[in-house]
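Under numbering that gives the first Met the number 0, the first residue of the sequence shown is numbered 0, with each subsequent residue one higher. Positions of the beta carbon are idealized from the N, C-alpha and C atoms, including for glycine. In this text the structure is predicted, and so the values were computed from the model without any measurement. Read the structure below first, then the notes.
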Amino acid sequence: MAITPTIPLDRPGKHHGHLRLPYSRDDSAWGSVMIPITVVQGGPGPTALLTGGNHGDEYEGPIALHDMACRLDPAVVSGRVILLPSMNHPAFLAGRRTSPLDGGNLNRLFPGRPAGSVTEKIADYVARALVPMADIVLDYHSGGRTLDFLPFAASHVLDDPAQDEACAAAAAAFGAPFTMRMREIDAAGMFDTEVEAQGKVFVTTELRGGGTASAESVAIAKRGARNILHHAGILPGAPEVPPSLRLEMPEDCFVFAPCGGLLEPAVDLGAAVERGALLARIWPMDRTGAAPVACHAPGTGLLAARHFPGQVQIGDCLAVVATVADR
Ligand code: CA
């Protein structure tokens, strides 16, 4: 494997270090990409792998995991916690979804390639070295610069009923204000898909977005990390789970922009909408006097995600209307 950890991954105590990825370039012939990692190991127990920064412009995960890396005491840990706050570290440093080194979108490149690009090498190491060690994996996401989500933890609909139930239970234990049964636009190459294929319990999140974090979204992220460790039995005691609304993503939940232009929202995130309700209008930007294009809700539910920037391009994901499962 291309990557070498600078710390032991299987020793008691708390170890802060890096995953060192050789990266030969003009300003450093024998240089490296250094990806921060912390491993906290206590007595016998399961292993949790907690990752943030899969996309580099999503901040709740990195904040929660840096905080946990400082605070977590190996004396109270039964098992092992592997913390990777900025999995695609070059993208994270650049504040971008994709890596500035190779354009790689880490969450579309799994299971990676050992002789591939920098981003493919990260995927390869995580998939072949770290995921096999883990019993449960939590991968933090938010909407990044271009999407904003209701804060939810999610599990995917899986073929194996036992794994499906275990993932849904872990997502509920995360304790976000919303808990989603999630559908992906394009699951190929995703970390999620790789972890689930290895038979692990997998939880992902979307905790707001817009390329920033808020006090509220960070609090949700921090509590969720602790809750996952309680749920796994790595920390003693039960998760602290406030009321959470269960949502689902039906096949027609996505709304894609039919044209580019200036985006005028008609409803805000979390709004309850009926099928056919006006979600947004898109104005042409190069002339006055032309009518806007109206975009409507494909089904009845809550506006669970929305395009964040004020301008939209044709084909952008404009909205997600999720179904409320509880009512
Ligand atoms: Ca993301």
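- The C-alpha of G16 lies about 22 Å from the C-alpha of R225.
- With contacts defined as CB atoms closer than 8 Å, K199 and V130 qualify as a contacting pair.
- Within the region 173-208, the complete alpha helix (DSSP H) segments of 4 residues or longer fall at 190-196, listed in chain order.
- Your pair L278 and H295 checks out as a contact, with CB atoms roughly 6 Å apart and the cut at 8 Å.
- Going by DSSP, E119 is part of the alpha helix (DSSP H) stretching over V117 to Y124.
- For D138, the enclosing beta strand (DSSP E) has its first and last residue at I135 to D138.
- When DSSP states are grouped into helix, strand and coil, G309 belongs to the coil group.
- In the three-state scheme derived from DSSP, where H, G and I count as helix and E and B as strand, I34 is classed as strand.
- Under DSSP, L149 forms no beta bridge with any residue.
- According to DSSP, residue pairing for S77 in a beta bridge involves G42.
- Using a Cβ-Cβ distance cut-off of 8 Å, the region 156-166 and the region 70-79 are not in contact, since fewer than three pairs of beta carbons, one from each stretch, lie closer than that value.
- Closest in alpha carbon position to A47, among N53, M33, L64 and H54, is L64.
- Straight-line spacing of the CA atoms in R96 and G259 works out to 21 Å.
- Less than 8 Å divides the Cβ of G174 from the Cβ of R222.
- Taken atom to atom, the span from the alpha-carbon of G298 to that of R107 is near 28 Å.
- In this structure the region 210-220 does not lie against the region 179-188, because fewer than three pairs of beta carbons, one per stretch, are closer than 8 Å.
- Note: F255 is bridge-paired with C316 in the DSSP secondary-structure output.
- Counting only heavy atoms of ligand 1, the residues whose C-beta sits closer than 5 Å to one of them are, along the chain, H54 and H140.
- In this structure, G275 keeps its C-beta atom at 8 Å or more from the C-beta atom of L301.
- In the displayed model, A279 falls within a strand according to three-state DSSP.
- According to DSSP, G12 shares a beta bridge with Q40.
- Note that the C-beta distance between F151 and E205 is below 8 Å.
- Burial check for R10: the Cβ neighbour count within 10 Å stays below 16, so the residue is exposed.
- Among the bridge pairs identified by DSSP, A293 is matched with R280.
- In the DSSP assignment, V323 is bridged to L246.
- Just measuring C-alpha positions, the residue of L149, F148, P99 and L18 sitting nearest M86 is L18.
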